[in-house]
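Novice: Chain order of the listed sequences is A and B. Counting in the numbering used here, the first sequence runs from 1151 upward without gaps. Counting in the numbering used here, the second sequence runs from 1151 upward without gaps. Idealized CB from N, CA, C, for every residue including glycine.
Number of protein chains: 2
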Amino acid sequence: MFAALGDPTRLAIFDRLADGRPRSISTLSDDADMTRQAVTKHLRVLEGAGLVQNHKVGRESHYAFCPEQLAQAREYLDQVAGRWESALMRLKTFVEEDNTLGSP
Amino acid sequence: MFAALGDPTRLAIFDRLADGRPRSISTLSDDADMTRQAVTKHLRVLEGAGLVQNHKVGRESHYAFCPEQLAQAREYLDQVAGRWESALMRLKTFVEEDNTLGSP
DNA sequence: AATTTATGCAACTTTTTGGTTGCGTAATAA
DNA sequence: TTATTACGCAACCAAAAAGTTGCATAAATT
């Protein structure tokens, strides 16, 4: 997941598809300054990570934003942040208790 | 950022440091099945991404969790999710309007 | 003082990744 | 029908990443 979004080109594509409009491979490669094949590869990686979905429309291959994995990534980051927060709290209360014990 | 968390080893280290305890390089390499040097490199990458902070304690080099960039990543994902949501809403209201116009 | 422990630096090897080129094919348009 | 357009597949290339090894150094132990 993070690896898939780690590449700037892929992140740009993903970001662009977040407006909900599915786009064909050629459409997406028009703005990217690289070959259609390169874009195709990136799309496959994004698809492999579940960040994007593919469906054919006539002869065109359309890629669409896929929110599930994004949600999962957010949940993970929230969970990590939560662990960090509670660790901070534990440290804080520990220091406070220490002060209480040491003051009289 | 995403690139830094994209590597499984680095994600594991980052995840582990989320408990708030800074750890030395050797401590961190004990659990990883690879050389200390490899772990060092990964830590440098994490540090470069601002996900982790380094400070020396005697001769030991301790790495600690750093929440700022994590927060930023969460904000970005939230923003993307927000764009997607509002795109969905627009599509929904469009369909509803279309129905309203077409029904009588 | 001698030894161990924790690290840094640098060179090197091996995979992986990002990207291109060339060719073949199927659907669309002229 | 003949181009044209939108793809897929496969081979290839170059650069970056992941990891190792060897050596040097400085702090902590004994």
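Please state whether DSSP places residue 1199 (chain B) in a helix, a strand or coil.
Specialist: Residue 1199 (chain B) falls in the coil class under three-state DSSP.
Novice: Between A:1224, A:1235, A:1180, which has its C-alpha nearest residue 1159 (chain A)'s C-alpha?
Specialist: Minimum Cα distance to residue 1159 (chain A) is reached at A:1180.
Novice: Going along the chain, which residues of its own chain have a beta-carbon closer than 8 Å to the beta-carbon of residue 1212 (chain A), five neighbours each way excluded?
Specialist: Closer than 8 Å at Cβ, skipping near neighbours: 1172, 1173, 1174, 1204, 1205, 1206.
Novice: Is it buried or exposed for residue 1245 (chain B), if we count other Cβ within 10 angstroms and need 16 for buried?
Specialist: Classification of residue 1245 (chain B): exposed, given that the 10 Å Cβ count is below 16.
Novice: Do you know how far the Cα of residue 1241 (chain B) is from the Cα of residue 1176 (chain A)?
Specialist: Straight-line Cα distance between these residues: approximately 24 Å.
Novice: Applying a beta-carbon distance threshold of less than 8 Å, which residues of chain A neighbour residue 1194 (chain B)?
Specialist: Within 8 Å Cβ-Cβ: nothing; residue 1194 (chain B) doesn't reach chain A, min ~16 Å.
Novice: Give the straight-line distance between the Cα atoms of residue 1231 (chain A) and residue 1154 (chain B), rounded to the nearest whole angstrom.
Specialist: So the alpha carbons of these two residues sit roughly 17 Å apart.
Novice: Taking the alpha carbon of residue 1162 (chain B) as the point to measure from, which residue in A:1186, A:1243, A:1239, A:1226 has its own alpha carbon closest?
Specialist: When only C-alpha atoms are compared, the closest one is A:1226.
Novice: On the DSSP bridge assignment, give the partners of residue 1213 (chain B) in chain order.
Specialist: According to DSSP, residue 1213 (chain B) bridges with B:1173, B:1204.
Novice: Please confirm whether residue 1224 (chain B) and residue 1224 (chain A) have their CB atoms less than 8 Å apart.
Specialist: Yes.
Novice: State the DSSP-derived secondary structure class of residue 1144 (chain B), mapped to helix, strand or coil.
Specialist: Since the displayed chain B opens at 1151 and closes at 1254, residue 1144 (chain B) lies outside it and no answer follows.
Novice: With a threshold of 8 Å on Cβ separation, who are the neighbours of residue 1178 (chain A) within its own chain once the five nearest residues in sequence on each side are excluded?
Specialist: Cβ within range, chain order: 1163, 1166, 1189, 1193, 1213.
Novice: For residue 1168 (chain B), is the classification buried or exposed, using 16 other Cβ atoms within 10 angstroms of its Cβ as the cut-off for buried?
Specialist: Classification for residue 1168 (chain B): buried.
Novice: Distance, Cα to Cα, residue 1152 (chain A) vs residue 1195 (chain A)?
Specialist: Straight-line Cα distance between these residues: approximately 11 Å.
Novice: Listing by chain order, which chain A residues have their CB less than 7 Å from the CB of residue 1233 (chain B)?
Specialist: Simply 1168, 1169.
Novice: When Cβ atoms are compared, which residues of the segment 1205 to 1217 of chain B fall closer than 8 Å to chain A?
Specialist: Going along the segment 1205 to 1217 of chain B in chain order, one finds 1215, 1217 with a Cβ nearer than 8 Å to chain A.
Novice: Measuring CB to CB, does residue 1219 (chain B) end up less than 8 Å from residue 1198 (chain B)?
Specialist: No.
Novice: Using the C-alpha atoms, what's the distance from residue 1215 (chain B) back to residue 1239 (chain A)?
Specialist: Those two C-alpha atoms are separated by around 15 Å.
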